[in-house]
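*Asks:* Can you keep this structure in mind? I'll have questions shortly.
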Amino acid sequence: MKFLIVINLLLCSFSVSSKDSKWLKTFTLYNQPTYYKSAVFAAHNETSFFQLKDIQKTVKIDSFDLHLLNACLFYVCNKIRIKHKLLPFKMDEQLKQVASVHSYQMSVHHFFDHYNSFEPALKKPLDRFKALNIEFVSYAENCHKEFLEDDEISYLQLAQQAIESLYNSPVHRKNILNKNYVFGVSGAALEKTKDGFFLLVTQNFYNN
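Residue numbers are given in this note's numbering: position 160 of the sequence shown equals residue 285, and the series is strictly consecutive.
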């Protein structure tokens with residue numbers, strides 16, 4: 126898949142285990158049962174994850190494994206942290222919900238922004254953290270969007286492409302490499318438009 130046709134990053138950023146959020150109840154891809162939703166994070170680390178065969182599977186829109194991509198995004202991001210001699214981010218299921226909720230909201234309401242004008246309770250990143258009961262000292266958010274075109278690409282390659290695009294933007298890289306953030310998770314969604322499908326990725330970070 127040639128996923129570099131359209132790539133957008135939100136150039137502004139914000140630096141400041143539970144049941145799935147009610148905001149995710151209608152998010153079909155998120156609610157599909159898969160090993161990669163949560164179990165993978167307890168079973169693997171930043172070395173063993175990259176030995177899994179599934180990460181080399183070709184992405185197919187009609188059988189998209191959202192949580193496999195989310196896991197790839199998480200470990201690819203941590204690989205960059207380790208390369209820079211930083212501690213890898215810890216997984217936080219509630220934080221993944223925060224990120225997933227925003228990506229899903231962007232996909233169903235067809236917007237690309239840190240601010241959500243369609244759901245008052247989820248308007249700002251701070252609102253989304255509060256809605257999912259996350260206590261923090263400081264937090265941040267990155268957002269990424271790219272057009273998906275049918276071609277051959279693996280889940281790992283797609284994740285690498287998305288994280289690389291974020292990393293190449295100084296304001297987003299600052300969040301990825303912030304040594305103070307303990308937790309850092311990505312949540313993706315697919316947006317269907319008349320022109321085709323877009324991948325939306327939200328990254329959220331915090332320390333407590």
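Even glycine gets a Cβ: it sits at the ideal position worked out from N, Cα and C.
(1) Going by DSSP in three states, Phe338 sits in which element: helix, strand or coil?
(2) Taking 8 angstroms as the cut-off, decide whether the C-beta atoms of Phe166 and Phe308 are in contact.
(3) Count the other CB atoms within 10 Å of the CB of Thr153; is the residue buried (16 or more) or exposed (fewer)?
(4) Using a 10 Å radius around the Cβ and a threshold of 16 neighbouring Cβ atoms, would you call Tyr229 buried or exposed?
(5) Short of 6 angstroms in beta carbon distance, which residues of its chain neighbour Phe99, apart from the five on each side in sequence? Order them along the chain.
(6) Return the CA-CA distance between Leu283 and Phe189, expressed in angstroms with no decimal places.
(7) What separation, rounded to the nearest whole angstrom, lies between the Cα atoms of Ile186 and Phe175?
(8) Thinking C-alpha only, which one of Gln328, Asn333 and Glu271 is nearest Leu198?
(9) Would you mind reading off the limits of the alpha helix (DSSP H) that contains Ala196?
(10) Contact between the stretch 250-258 and the stretch 311-319 is defined here as three or more beta-carbon pairs at a separation below 8 angstroms; is this criterion met?
(11) Assuming Ala287 and Glu271 form a contact by the criterion Cβ under 8 angstroms, report the distance between their Cβ atoms to the nearest whole angstrom.
(12) If the criterion is Cβ atoms closer than 8 angstroms, does the pair Leu324 and Gln222 meet it?
(13) If you drop the 5 nearest sequence neighbours on each side, which residues of the same chain put their C-beta closer than 8 angstroms to that of Leu247?
(14) Is any heavy atom of the ligand MG found at a distance shorter than 7 angstroms from the C-beta of Leu177?
(15) If you measure between the beta carbons of Ile205 and Tyr280, is that distance less than 8 angstroms?
(16) When burial is assigned at 16 or more other CB atoms within 10 Å of the CB, is Lys162 buried or exposed?
(17) Considering Cα atoms alone, identify which of Asn333, Tyr264 and Asp275 is closest to Lys299.
(18) Report buried or exposed for Ile207, applying the criterion of at least 16 other Cβ atoms within 10 angstroms of its Cβ.
(19) Answer with buried or exposed for Val262, where buried requires no fewer than 16 other C-beta atoms within 10 angstroms of its C-beta.
(20) Please state if the CB of Phe330 and the CB of Asn293 are separated by a distance shorter than 8 angstroms.
(21) What separation, rounded to the nearest whole angstrom, lies between the Cα atoms of Asn267 and Asn333?
*Replies:* Straight from the coordinates:
(1) What is shown of the chain runs 126 to 333, which leaves residue 338 out entirely.
(2) no
(3) exposed
(4) buried
(5) With the chain running from 126 to 333 in the structure shown, residue 99 is simply not present.
(6) 12 angstroms
(7) 22 angstroms
(8) Gln328
(9) Leu191 to Lys208
(10) no
(11) 7 angstroms
(12) no
(13) Trp148, Val226, His227, Gln230, Asn241, Arg253 and Ala256
(14) No copy of the ligand MG occurs in the structure displayed, which carries no ligand at all.
(15) no
(16) buried
(17) Tyr264
(18) exposed
(19) exposed
(20) no
(21) 19 angstroms
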